[in-house]
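Colleague: I'd like to ask some things about the structure below.
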Amino acid sequence: WVSNIYQLALRLDAYQADDLLARERNDLPQELQTLTAQRQREQNAGVQQQLDQVIASKSTQWQTLRQLDARMQQAQLQMDQSLTALATVYSQVQLLNAEAINSGRAERLRSDIQEQVQRLDDLVASLNEVYDYGTQVPAGP
Numbered sequence: 576w577v578s579n580i581y582q583l584a585l586r587l588d589a590y591q592a593d594d595l596l597a598r599e600r601n602d603l604p605q606e607l608q609t610l611t612a613q614r615q616r617e618q619n620a621g622v623q624q625q626l627d628q629v630i631a632s633k634s635t636q637w638q639t640l641r642q643l644d645a646r647m648q649q650a651q652l653q654m655d656q657s658l659t660a661l662a663t664v665y666s667q668v669q670l671l672n673a674e675a676i677n678s679g680r681a682e683r684l685r686s687d688i689q690e691q692v693q694r695l696d697d698l699v700a701s702l703n704e705v706y707d708y709g710t711q712v713p714a715g716p
């Protein structure tokens, strides 16, 4: 559980420190506006076609970036929830150590922990697919 939270935090830190993504997030909307205005003024059909392709490509890039931002925001919220759950579990474990409780409550606690671990496993796996840092090997010549 703690390992998954740590991996998730590393992914979020890498995402937040990514200068290229930050630059694209700032520049793409203005680039799209500029290209669209240029397209409206352009008279040459060949140039218009090329501008249409560039605008479509930049629009796709912008949509993908927005989806990534939303996914990473979800990851941040999940991590916050998991940290809260971890603190709650810690308190409950301390309570278990302090008093004798029935096995039903201990089993529910174990089930809650397992559920949080599974959710974190799923989230980390999803983020590894979408935003994988440090594991891609550059292709050789």
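Counted the way our numbering counts, the sequence shown spans residues 576 to 716.
In this text, a Cβ means the ideal position worked out from N, Cα and C, and glycines have one as well.
Grouping DSSP H, G and I as helix and E and B as strand, with all else coil, what is Q618?
Modeller: Here Q618 sits in coil by DSSP.
Colleague: Is DSSP giving D687 helix, strand or coil here?
Modeller: In this structure, D687 counts as helix in the three-state DSSP scheme.
Colleague: What would DSSP say about D602, mapped onto helix, strand or coil?
Modeller: Here D602 sits in helix by DSSP.
Colleague: Can you tell me where the alpha helix (DSSP H) with A584 in it begins and where it stops?
Modeller: It spans 577–591 - the alpha helix (DSSP H) in which A584 sits, taken as one unbroken run.
Colleague: Taking a contact to mean a Cβ-Cβ separation below 7 Å, would you say L583 touches M654 in this structure?
Modeller: Closer than 7 Å, so yes.
Colleague: Return the residue from the list R646, M647, L652, R685 that minimises the CA-CA distance to T663.
Modeller: Answer by Cα proximity: R685.
Colleague: Confirm, please, whether the CB-CB distance from N579 to L670 is below 7 Å.
Modeller: No, the pair does not count as a contact, with Cβ atoms beyond the cut-off.
Colleague: Does the structure place the region 586–597 close enough to the region 615–628 that three or more beta carbon pairs sit under 8 Å?
Modeller: Taking 8 Å as the limit for Cβ pairs, the verdict is that the region 586–597 does not touch the region 615–628.
Colleague: Enumerate in chain order the residues of its own chain whose CB-to-CB distance from A714 is below 6 Å, with the five nearest sequence positions on each side excluded.
Modeller: Its pLDDT being 45, under 50, A714 is placed unreliably in this model, and the value from its coordinates should be taken loosely. Here the set comprises nothing.
Colleague: Q656 to Q618, Cα distance in whole Å?
Modeller: Roughly 55 Å separates the two Cα atoms.
Colleague: Check whether the Cβ atoms of R586 and L661 lie closer than 7 Å to each other.
Modeller: The answer is no: Cβ separation not under 7 Å.
Colleague: With a 10 Å radius around its C-beta and 16 neighbouring C-beta atoms as the bar for buried, classify V577 as buried or exposed.
Modeller: Exposed is the call here.
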